[in-house]
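> Starting off with a structure, shown below.
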Amino acid sequence: MDWTIEELNHLAAECSCGLTHHPIEIREIVVEPDALRRAAAFVKSSFQHVCIFADANTFRAAGQELANRLKELAVTLSVCIMEPDVNGDVVADERTLVQGFLACSPQTEAILAVGAGTVHDIARFCSFKMRIPFISIPTAASVDGFTSAGAPLIVRGVKQTFQTQAPIAVFADVNVLVQAPRRLAASGFGDMIGKFTSLADWNFGHLVADEPYCPWIATLTAKALETCVDHVHEIQAGGPEGLSILMRALILSGLAMLLFGQSYPASGGEHHLSHDWEMELLRTGKPQVLHGLKVGAASVVIAETYKKNVLAVMQSLEGRSGQEGYAERVEAVSHLLAGLPSADDIRAWIRLAGGVEEPAELGIDAALVAASLTRAHRLRNRYTMLRFLNEKARGVPKLQ
């Protein structure tokens with residue numbers, strides 16, 4: 036899975052899908068040992084006043100070393116250590132956003148996101164609103180959002196994704212990645228395994244509801260997913276090779292979203308369930324669960340739900356759907372579902388990566404899972420198979 040920004044931009048310009056693709060404007064993507072040194076040099080070459088966003092753990096993991104290197108290079112910096120909630124979780128909500136804004140001065144020229152997904156979401160939103168760039172410095176291979184432009188935030192208790200901006204550079208230090216807790220890499224693998232159902236949902240929305248779709252970008256995402264599945268043992272081992280493979284796959288998935296301009300390639304019904312669970316955990320004051328662990332477990336639920344129900348519901352509507360060429364669409368969806376791995380296959384891959392197969396293992400009970408299957412489709416205006424079942428099956432029993 037070798038690629039460069041230049042190659043991806045060239046292929047995007049040559050794409051024949053008919054949709055507008057957005058050129059990647061990230062200047063540098065570095066995944067290698069000692070990337071923090073290169074990050075400091077990059078910052079020095081472009082800025083004199085920066086602010087580091089981190090949490091207590093990620094500042095210890097990489098932020099302090101980066102700050103020391105920047106001071107040696109005479110770069111003026113401030114540091115914002117994101118404060119956790121009562122459960123010890125840093126949450127991308129209004130309170131934390133205000134903390135980020137207050138940490139920056141009028142002289143701040145760039146924000147350095149040192150951390151995982153939540154720190155990046157906060158840095159991405161704050162930098163966008165301040166009209167300054169941000170630089171991505173991942174401390175774990177835990178999510179695919181490092182290079183995307185979307186910032187998922189909790190606003191008044193509701194998960195919303197705001198289109199903001201991508202980083203101008205990414206520096207993932209492999210020496211830092213291998214020191215991260217193993218569950219973070221398992222989370223990254225779970226985020227990638229969710230592409231099985233997100234890609235199926237994206238294709239379904241195109242086939243049934245004529246939603247925008249690009250086969251080339253779908254293939255990019257599928258290749259990133261395939262690489263992770265092929266190297267699951269190396270990823271589980273947690274060494275430099277496996278985590279480099281996982282990080283590059285996560286970055287490529289983010290770039291696919293960036294090229295398309297929306298998160299269709301990487302986010303379907305499994306992400307909608309995950310978002311619903313997250314909001315309920317917040318509402319009830321329970322500790323948060325890593326994003327990718329939720330997505331992996333949700334993928335099991337979604338794959339099983341789709342394979343059991345979608346084709347049967349479509350066939351029951353044949354002859355009264357009112358859509359031209361409906362029989363051909365049913366046949367296309369049949370092929371689509373045949374290519375979707377079974378829930379048992381997804382469980383097995385998650386198990387090999389050291390992840391979590393079932394929602395119950397994450398403290399998400401059967402009642403919440405059942406409720407989310409009937410409401411999570413409302414979180415995004417997308418024609419997923421989950422939305423189709425809720426609108427056409429007319430009842431929870433069809434979804435269980």
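In terms of this note's numbering, the numbers along the sequence shown are unbroken and rise by one, the last being 435. Quick reminder that beta carbons are idealized off the backbone N, C-alpha and C, glycines included. Being a predicted model, the structure only gives us computed values, none of them experimental.
#1: Would you please state the rounded distance, in angstroms, between the beta carbons of ILE337 and GLU305? I believe it to be under 8 Å.
#2: What number of angstroms, rounded off, separates the C-alpha of ILE203 from the C-alpha of ALA347?
#3: If you follow the alpha helix (DSSP H) that LEU243 is part of, which residue opens it and which one closes it?
#4: How long is the line joining the alpha carbons of ASP236 and HIS84, rounded to whole angstroms?
#5: Which residue or residues does DSSP assign as beta-bridge partners of PRO250?
#6: Among the residues of its own chain, which have a CB less than 7 Å from the CB of PHE136, if the five just before and after it don't count?
#7: May I ask you to list the residues that DSSP assigns as paired with GLY185?
#8: What ranges does the alpha helix (DSSP H) occupy inside the region 364–402, keeping only unbroken runs of at least 4 residues that lie completely in it?
#9: How far does the alpha helix (DSSP H) with LEU137 in it reach, from first residue to last?
#10: Quick check: the Cα distance between GLY225 and GLY240, rounded to an integer number of angstroms?
#11: Comparing C-alpha positions only, which one of TRP312, GLY360, SER298 sits nearest to GLN198?
#12: Just to confirm before moving on: does the CB-CB distance between ALA151 and LEU188 stay below 7 Å?
#13: For ALA411 and ALA244, what's the separation of their Cα atoms in angstroms?
#14: Assuming ALA220 contacts ALA259 under a Cβ cut-off of 8 Å, what Cβ separation, rounded to an integer in Å, is found between them?
#15: By how many angstroms is the C-alpha of LYS79 removed from the C-alpha of TYR248?
#16: Have a look at GLY331 and PRO58 and give me their C-alpha separation to the nearest angstrom.
#17: Thinking C-alpha only, which one of VAL211, ALA301, ILE170 is nearest LYS230?
#18: Buried or exposed for HIS268, please, with buried defined as at least 16 other CB atoms from any protein chain shown within 10 angstroms of its CB.
#19: Rounded to whole angstroms, what's the CA-CA distance from ARG283 to SER369? Just pull it up for me.
#20: Does the structure place the region 68–77 close enough to the region 42–51 that three or more beta carbon pairs sit under 8 Å?
#21: At which residues does the beta strand (DSSP E) containing ALA347 begin and terminate?
#22: Which residue from LEU424, ASN425, LYS329 puts its Cα closest to that of ASP400?
#23: Can you tell me which of the three DSSP states ALA215 falls into?
#24: Grab me the residues of ALA186's own chain with a C-beta within less than 6 Å of its C-beta, minus the 5 sequence neighbours each way, in chain order.
#25: Which stretch, first to last residue, makes up the beta strand (DSSP E) that contains PRO275?
#26: With which residues is HIS84 paired in a DSSP beta bridge?
#27: Whose CA, out of VAL345, ARG166, ARG382, LEU105, lies closest to the CA of ALA373?
#28: Between the alpha carbons of SER222 and ASP265, how many angstroms are there, rounded?
#29: Pull up the distance between the alpha-carbon of GLU426 and that of LEU317, whole angstroms please.
#30: Around the Cβ of SER233, are there at least 16 other Cβ atoms within 10 angstroms (buried) or fewer (exposed)?
Straight from the coordinates:
#1: Along the sequence shown, read from residue 1 onward, the residue named residue 337 stands at position 302. Along the sequence shown, read from residue 1 onward, the residue named residue 305 stands at position 270. Rounded, the Cβ-Cβ distance is 5 Å, consistent with contact.
#2: To locate residue 203, count along the sequence shown from 1; it is residue 168. To locate residue 347, count along the sequence shown from 1; it is residue 312. ILE203 and ALA347: Cα-Cα distance of roughly 47 Å.
#3: Here residue 243 refers to the residue found at position 208 when the sequence shown is read from its first residue. The sequence as given places Val at residue 243; Leu does not occur at that position. Unbroken alpha helix (DSSP H) run through VAL243: 230–244.
#4: Sequence index remark: in the sequence shown, residue 236 carries index 201 (1-based). Sequence index remark: in the sequence shown, residue 84 carries index 49 (1-based). Their backbone Cα atoms lie some 44 Å apart in a straight line.
#5: Counting from one through the sequence shown, the residue named residue 250 turns up at place 215. PRO250 pairs with nothing; no bridge assigned.
#6: Counting from one through the sequence shown, the residue named residue 136 turns up at place 101. So the qualifying residues of the chain are CYS161.
#7: For the purposes of this step, residue 185 is taken as the residue at position 150 of the sequence shown. GLN198, per the DSSP bridge assignment.
#8: 378–387
#9: Position 102 of the sequence shown holds residue 137. Unbroken alpha helix (DSSP H) run through LEU137: 129–138.
#10: One-based indexing of the sequence shown puts residue 225 at position 190. One-based indexing of the sequence shown puts residue 240 at position 205. Each residue's Cα considered, the two are about 23 Å apart.
#11: Numbered from its first residue, the sequence shown carries residue 198 at position 163. Out of TRP312, GLY360, SER298, SER298 has the C-alpha closest to the C-alpha of GLN198.
#12: Your numbering for residue 151 matches position 116 in the sequence shown. Your numbering for residue 188 matches position 153 in the sequence shown. Contact flag unset, no.
#13: Reading the sequence shown from its first residue, position 376 is the one you call residue 411. Reading the sequence shown from its first residue, position 209 is the one you call residue 244. Using only the alpha carbons, I get a separation of about 19 Å.
#14: As a working mapping, residue 220 is identified with position 185 in the sequence shown. As a working mapping, residue 259 is identified with position 224 in the sequence shown. Actually they do not touch by this definition, with Cβ atoms about 15 Å apart.
#15: The residue labelled residue 248 in the question sits at position 213 within the sequence shown. The residue labelled residue 79 in the question sits at position 44 within the sequence shown. When rounded, the distance between both Cα atoms is 40 Å.
#16: Your numbering for residue 331 matches position 296 in the sequence shown. Your numbering for residue 58 matches position 23 in the sequence shown. Their backbone Cα atoms lie some 30 Å apart in a straight line.
#17: Along the sequence shown, one-based indexing puts residue 230 at 195. When only C-alpha atoms are compared, the closest one is ALA301.
#18: Counted from its first residue, the sequence shown places residue 268 at position 233. Per the 10 Å Cβ criterion, exposed.
#19: Locating residue 283 in the sequence shown gives position 248, where the first residue counts as 1. Locating residue 369 in the sequence shown gives position 334, where the first residue counts as 1. Looking at the two C-alpha atoms, the distance is approximately 32 Å.
#20: no
#21: Reading the sequence shown from its first residue, position 312 is the one you call residue 347. ALA347 -> not in any beta strand (DSSP E); alpha helix (DSSP H) instead, spanning 326–352.
#22: For this step, residue 400 is matched to residue 365 along the sequence shown. Ranking LEU424, ASN425, LYS329 by Cα distance to ASP400 puts LYS329 first.
#23: Locating residue 215 in the sequence shown gives position 180, where the first residue counts as 1. Coil, per DSSP.
#24: Taking the sequence shown and counting its residues from 1, one reaches residue 186 at position 151. Closer than 6 Å at the Cβ level, and outside the excluded window around ALA186, lie ASP156, ARG159, PHE160, PHE197, THR199.
#25: Counting from 1 along the sequence shown, the entry for residue 275 is found at position 240. From DSSP, PRO275 is part of no beta strand (DSSP E) but of the alpha helix (DSSP H) over 275–295.
#26: One-based indexing of the sequence shown puts residue 84 at position 49. DSSP, once it has assigned bridges, lists THR111 as partnering HIS84.
#27: Against the sequence shown, residue 373 aligns to sequence position 338. Answer by Cα proximity: VAL345.
#28: Walking along the sequence shown from the start, residue 222 turns up at place 187. Walking along the sequence shown from the start, residue 265 turns up at place 230. If I take the Cα positions, the gap works out to 17 Å.
#29: By 1-based counting over the sequence shown, the position of residue 426 is 391. By 1-based counting over the sequence shown, the position of residue 317 is 282. About 27 Å.
#30: In the sequence shown, residue 233 corresponds to position 198, counting from 1. Buried is the call here.
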